[in-house]
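Residue numbers (the numbering used here), protein chains in the order written: chain A, 5 to 330; chain B, 11 to 199.
We treat Cβ as the ideally placed atom computed from N, Cα and C, and that holds for glycine.
The structure appears below as structure tokens.
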Amino acid sequence: MPTLLPALLALGAWPGAAKAPAPPRLLSQTGLYAAPGLVAARNLPYAPQYPLWTDGAAKARWIHLPAAIDGRDEAGWVFPVGTKAWKEFAFGGRKVETRLLWKTGPGTWVFASYAWNEAQTDAVLVPEGGLPDAAEVAPGLRHGIPSRADCRDCHGQERVEVLGFTALQLSPDRDPGALHGEPLRPGMITLKDLVARRLLRRARPDLLSRPPRIAGDPATRAALGYLQANCATCHRADRPIPGLDLDLRPAHALRTTAGAGSFPVPGQPESRILSPGHPERSALLHRMGSRDPIAQMPPLGTVRVDQAAVDHVRRWIADAPFVPSH
Amino acid sequence: MTLNRSFLLAILGLTLGTGTAQAAPPAQTKLVQHGAYLVRVAGCHDCHTPLKMGPKGPEPDMSRMLSGHPEGLQMPPAPKLTEAPWGWAGSLTMTAFSGPWGVSYAANLTPDKETGLGAWTEAQFFQMVRSARHLGQGRAILPPMPIQNLQAASDADLKAIFAYLHSIPAVKNKVPAPIAPAPTPIPMH
Numbered sequence: 005m006p007t008l009l010p011a012l013l014a015l016g017a018w019p020g021a022a023k024a025p026a027p028p029r030l031l032s033q034t035g036l037y038a039a040p041g042l043v044a045a046r047n048l049p050y051a052p053q054y055p056l057w058t059d060g061a062a063k064a065r066w067i068h069l070p071a072a073i074d075g076r077d078e079a080g081w082v083f084p085v086g087t088k089a090w091k092e093f094a095f096g097g098r099k100v101e102t103r104l105l106w107k108t109g110p111g112t113w114v115f116a117s118y119a120w121n122e123a124q125t126d127a128v129l130v131p132e133g134g135l136p137d138a139a140e141v142a143p144g145l146r147h148g149i150p151s152r153a154d155c156r157d158c159h160g161q162e163r164v165e166v167l168g169f170t171a172l173q174l175s176p177d178r179d180p181g182a183l184h185g186e187p188l189r190p191g192m193i194t195l196k197d198l199v200a201r202r203l204l205r206r207a208r209p210d211l212l213s214r215p216p217r218i219a220g221d222p223a224t225r226a227a228l229g230y231l232q233a234n235c236a237t238c239h240r241a242d243r244p245i246p247g248l249d250l251d252l253r254p255a256h257a258l259r260t261t262a263g264a265g266s267f268p269v270p271g272q273p274e275s276r277i278l279s280p281g282h283p284e285r286s287a288l289l290h291r292m293g294s295r296d297p298i299a300q301m302p303p304l305g306t307v308r309v310d311q312a313a314v315d316h317v318r319r320w321i322a323d324a325p326f327v328p329s330h
Numbered sequence: 011m012t013l014n015r016s017f018l019l020a021i022l023g024l025t026l027g028t029g030t031a032q033a034a035p036p037a038q039t040k041l042v043q044h045g046a047y048l049v050r051v052a053g054c055h056d057c058h059t060p061l062k063m064g065p066k067g068p069e070p071d072m073s074r075m076l077s078g079h080p081e082g083l084q085m086p087p088a089p090k091l092t093e094a095p096w097g098w099a100g101s102l103t104m105t106a107f108s109g110p111w112g113v114s115y116a117a118n119l120t121p122d123k124e125t126g127l128g129a130w131t132e133a134q135f136f137q138m139v140r141s142a143r144h145l146g147q148g149r150a151i152l153p154p155m156p157i158q159n160l161q162a163a164s165d166a167d168l169k170a171i172f173a174y175l176h177s178i179p180a181v182k183n184k185v186p187a188p189i190a191p192a193p194t195p196i197p198m199h
């Protein structure tokens with residue numbers, strides 16, 4: 005029995021350790037700024053090569069890394085405790101929200117969203133359920149700030165990821181054809197900077213000489229990069245959705261989209277998730293092009309179809325450059 | 011807290027070499043029985059077990075218990091309800107529904123691995139209920155499913171419901187995908 009006590013105490017202490025602190029009430033209290041409007045130098049700006057579509061929002065992103073990232077698993081970096089990542093969303097030149105991801109313990113993350121005030125001087129913590137009517141993004145269409153449950157739907161329940169801050173997203177072998185790709189501005193951090201600043205350890209030795217790159221012709225590369233950023237955060241085999249064998253990460257997307265899926269294109273008996281040569285039969289394209297609440301993909305975070313992406317993916321499926329010719 | 015206590019007791023039992031193996035089946039049985047009770051009083055059968063016509067009128071088809079809308083029953087286009095305030099319609103099986111949200115079908119809750127909950131983990135079931143999203147991550151769960159009632163259930167009750175649903179006979183039945191509503195909204199009043 006005496007040998008049991010420490011184990012029981014340790015187990016008893018575990019639930020308390022998993023509790024995350026409450027996020028600050030104001031964005032200005034989160035450590036993003038050194039002075040009003042001036043981002044602190046320790047917070048590094050970055051831009052993923054394949055951005056997530058948020059109804060055309062202009063975005064700015066910063067990360068604070070108090071220590072090095074453990075990069076052993078290239079598909080699942082482990083961030084140091086104390087990591088903070090911010091993402092600011094602006095529509096029509098006005099800041100609408102800034103989201104915060106804050107790693108407070110080995111297995112705990114705080115998720116918070118801040119809604120900017122009318123004067124654009126600070127942003128206030130949004131209730132846990134989100135803010136459904138935060139700004140107009142197009143006539144009659146309103147941007148909603150997601151709930152914290154929505155945040156976890158994309159970033160993960162247990163193994164949380166900073167989705168735009170990965171080896172692929174920061175690769176110096178940047179895709180010039182990436183849809184809505186943002187140019188790197190001076191000061192923006194890349195994979196090369198992370199290594200030089202010793203903010204990434206235990207990564208493979210040839211990471212910089214052979215950086216991550218999606219294989220394929222330019223159209224395939226851009227299409228798979230888009231699917232990676234906009235779809236594969238949920239559709240991935242290492243976080244399976246029950247009943248769906250769909251993995252839209254670049255290395256798996258073409259293999260797992262051959263089936264009919266559970267949501268066929270209406271009126272298309274030959275519907276497949278992705279039907280090479282037949283955009284009209286491709287449920288993936290149908291759902292990308294829908295904002296009906298039942299059919300739309302992604303199911304949250306957007307109220308406007310990304311027409312540029314729909315056009316690109318339609319051409320890509322029609323031309324099917326990813327199908328070997330005989 | 012209940013889960014943590016159970017976990018500690020389980021560890022204690024294993025460490026001391028006592029009979030958790032003997033104690034587990036009655037506990038599981040009790041859990042399943044409680045789940046069956048909850049499923050019954052929460053009215054899950056009302057929509058998820060199809061009705062068939064019996065000698066005294068419609069009755070639950072228990073050979074298809076909790077298997078959702080029968081895949082063989084292809085529904086014709088939903089009726090147009092133009093006489094407000096009539097706003098929605100249901101099939102005679104009580105498994106297909108049409109309203110302002112479109113057409114929805116009761117899901118297969120049996121443990122069939124391909125068409126039901128057989129491939130689900132308990133955590134995924136919790137995620138579906140807590141998020142009120144299809145498969146825990148997709149679109150919102152559609153009416154008339156009273157997901158808000160299920161969201162009020164405790165973790166212990168959800169655990170029991172999941173255990174029960176995994177204990178019942180598996181029925182292979184692929185429920186159709188929902189259908190988006192017509193572009194013109196149905197008048198609400």
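In this structure, A/G181 and A/P222 form a Cβ contact; the two beta carbons are roughly 5 Å apart against a cut-off of 8 Å. Contacts with chain B at 8 Å (Cβ-Cβ) include A/D157. With a contact defined as Cβ atoms closer than 8 Å, A/P176 and A/L195 qualify at about 6 Å.
Checking the DSSP bridge columns, you'll see A/D74 partnered with A/V82, A/R205. Distances from the CA of B/P86 to each of B/L145, B/A94, B/G100, B/Q158 were compared; the closest alpha carbon is that of B/G100.
Residue pairing for B/Y115: DSSP places it in a beta bridge opposite B/A106. Residue contact with chain B for A/P40: absent (no Cβ-Cβ distance below 8 Å to any residue of chain B). Using beta-carbon distances, A/A153 counts as an interface residue toward chain B, with a partner under 8 Å. At a cut-off of 8 Å between beta carbons, A/D59 makes no contact with chain B.
Chain B has no Cβ within less than 8 Å of the Cβ of A/G229.
With the criterion set as a beta carbon lying under 9 Å from some beta carbon of chain B, the members of the region 266-278 of chain A are S266, F267, P268, P270, in sequence order. Between the region 113-133 of chain B and the region 250-266 of chain A there are fewer than three inter-stretch CB-CB distances shorter than 8 Å, so the stretches are not counted as touching. Distance from the Cα of B/A187 is smallest, within the candidate group B/I171, B/K62, B/G78, for B/G78. Excluding its 5 nearest sequence neighbours in each direction, A/A313 has C-beta neighbours in its own chain below 7 Å: W57, L183, Y230, M292, listed in chain order. The region 271-278 of chain A makes no contact with the region 156-166 of chain B: fewer than 3 CB pairs, one atom from each, lie closer than 8 Å.
Secondary structure of A/Y37 (DSSP, three-state): strand.
The shortest C-alpha to C-alpha distance from A/T237 to any of A/F267, A/L174, A/R163, A/L258 is the one to A/R163. By DSSP's assignment, A/I67 forms a beta bridge with A/L48, A/A89. Membership of A/I149 in the beta strand (DSSP E) is indicated by the continuous run 145-149. Any Cβ of chain A closer than 8 Å to the Cβ of B/S141 would place that residue at the interface, and such an atom is present. When Cβ pairs closer than 8 Å are counted between the two stretches, the region 63-80 of chain A is seen not to touch the region 311-327 of chain A, the count staying below three. Listed along the chain, the chain B residues whose CB falls inside 7 Å of the CB of A/C238 are Q147. Note on the region 90-125 of chain A: whole beta strand (DSSP E) runs with a minimum of 3 residues are 98-109, 112-120, in chain order. Cβ neighbours of A/D157 within its own chain (closer than 8 Å, five residues either side excluded): C238, L304. With distances taken between CA atoms, B/D122 lies nearest to B/H176 out of B/H176, B/R50, B/A142. Inter-residue distance for A/V141 and A/G148 is about 10 Å (C-alpha atoms, whole angstroms). According to the DSSP assignment, B/M63 belongs to no alpha helix (DSSP H) but to the beta strand (DSSP E) extending over 61-64. Nearest to A/P28 by C-alpha distance, out of A/P70, A/N121, A/F115, A/L48, is A/F115. Rounded to whole angstroms, the gap between the alpha carbons of A/T87 and A/L129 is 19 Å.
Neighbourhood of B/A150 in chain A, by CB distance below 7 Å: P297, in chain order. Per DSSP, reduced to three states, the secondary structure at B/S77 is coil, with no helix or strand assignment. For B/Q43, none of the residues of chain A pass the 9 Å Cβ criterion, the least Cβ distance being about 25 Å.
With a minimum length of 4 residues, the unbroken runs of alpha helix (DSSP H) contained wholly in the region 224-277 of chain A fall at 257-260. At least one CB of chain A lies nearer than 8 Å to the CB of B/Q134.
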